[in-house]
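Following: one structure in structure tokens, then a few remarks.
Residue numbers (this note's numbering), protein chains in the order written: chain A, 52 to 200; chain B, 163 to 370.
As structure tokens, this is what we get:
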């Protein structure tokens with residue numbers, strides 16, 4: 052009987068505690084492709100998670116290691132791959148947006164120092180509301196992800 | 163029923179049976195179809211062309227003889243699709259290492275941006291993905307004769323941020339040439355190494 056009461060009390064306490072606040076938006080699994088020799092630019096990939104209740108809009112990306120970074124998307128129509136710049140990317144509330152090879156990617160120009168596999172790069176993403184996301188991107192020599200090389 | 167029509171029916175049945183037998187024999191010998199690749203019913207001959215490889219040696223149709231060859235059209239100022247595809251091709255070649263040497267495919271990247279992609283530029287870029295891969299460039303009319311024959315489209319697009327330079331929209335398919343230098347199959351996007359290597363083995367069985 053005492054055990055049952057205790058259990059009930061515990062369950063009530065759990066049920067009545069406020070649900071945990073959703074975490075802030077974050078940059079997950081970011082990586083930058085090691086630029087092949089002679090390439091004047093390279094691409095970066097990541098997933099931006101937005102567990103909160105409001106959409107967020109990525110409007111700017113920067114890093115001390117690159118002159119400029121743009122939001123790009125590769126669109127393949129009738130077998131023809133076209134690369135286009137995007138002014139901003141919206142990550143819906145409770146959702147995420149993936150930047151992956153052959154699709155959305157960061158286009159990184161003007162590398163400021165030699166970067167090879169094993170190095171890492173700090174990224175800052177500016178949002179439309181004036182706040183910023185920060186993340187670390189690994190420099191990877193490879194194609195689709197960290198695992199296929 | 164007259165004797166004639168009885169023999170007639172027997173004859174028709176015999177012909178049908180023979181036809182069915184032949185059909186069964188034919189289809190049971192039909193090799194598996196490729197999963198993603200479009201295998202041409204009959205290989206298509208390519209026109210003569212004269213390009214230059216990244217060792218600055220001339221590269222014409224004769225150098226396609228004797229080996230299966232994957233051809234990819236790209237350019238070095240291409241940060242997403244081209245490196246991704248070249249890494250995928252490296253993985254394809256790795257997965258086919260068990261084949262006898264003369265059955266393993268060669269890999270060519272033909273530049274669709276010859277103004278910027280000199281042989282020297284390709285020499286530093288292409289072998290980064292695999293030391294056996296070969297980059298080709300050359301005069302635009304020569305490149306066009308190859309792209310037209312293979313149904314490859316490419317157009318130059320100014321960068322839309324007003325900055326200097328341009329991007330090249332281009333067909334991202336892979337083209338497989340047979341050991342006679344004829345177009346045998348086309349692989350559409352997206353490219354997955356396992357699928358391409360699997361289809362290559364099937365095509366080799368069909369046509370090898």
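Here a beta-carbon is modelled for each residue, glycine too, at the ideal position from N, C-alpha and C.
Taking a cut-off of 8 Å on C-beta distances, the segment 345–355 of chain B touches the segment 204–212 of chain B, as three or more cross pairs fall below it. Nearest to residue 293(B) by alpha-carbon distance, out of 216(B), 199(B) and 195(B), is 216(B). Of the other Cβ atoms in all chains shown, 16 or more fall within 10 Å of the Cβ of residue 84(A); this residue is therefore buried. For a cut-off of 8 Å, the C-beta gap from residue 185(A) to residue 173(A) is around 7 Å, short enough to register as a contact. Taking residue 281(B) as the centre and dropping the five residues before and after it, the same chain places the C-beta of 214, 215, 216, 217, 218, 297 and 299 closer than 8 Å to its C-beta, in chain order. At a cut-off of 8 Å between beta carbons, residue 81(A) makes no contact with chain B. Neighbours of residue 290(B) in chain A, taken as residues at a C-beta separation under 8 Å, are given in chain order as 87 and 88. The C-alpha of residue 93(A) is placed about 15 Å away from the C-alpha of residue 286(B). Leaving aside the five residues that flank residue 154(A) on each side, the residues in its chain whose CB is nearer than 7 Å to its CB run, in chain order, 124 and 125.
At a cut-off of 8 Å between beta-carbon atoms, residue 91(A) makes contact with chain B. Residue 336(B) places its beta carbon less than 8 Å from that of residue 232(B). Ranked by Cα distance from residue 302(B), the options 289(B), 288(B) and 278(B) are led by 278(B). For the set 339(B), 354(B) and 363(B), the Cα lying nearest the Cα of residue 253(B) is the one of 354(B). Judged by DSSP secondary structure, residue 319(B) falls within the beta strand (DSSP E) whose first and last residues are 316–320. Beyond the five residues adjoining it in sequence on each side, residue 274(B) comes within less than 6 Å, by CB distance, of 235, 237, 316, 330 and 332 in the same chain, given in chain order. Annotated three-state conformation of residue 309(B) is helix, per DSSP. Taken in chain order, the unbroken stretches of beta strand (DSSP E) that lie wholly in the segment 221–302 of chain B and span 3 residues or more are 231–236, 268–273 and 296–299.
Judged by DSSP secondary structure, residue 355(B) falls within the alpha helix (DSSP H) whose first and last residues are 355–369.
If you check the CB distance, residue 190(A) and residue 169(A) come in under 8 Å. Ranked by how close their Cα comes to the Cα of residue 135(A), the residues 127(A), 141(A) and 78(A) have 127(A) in first place.
The criterion of a C-beta distance shorter than 8 Å is satisfied by residue 243(B) and residue 334(B).
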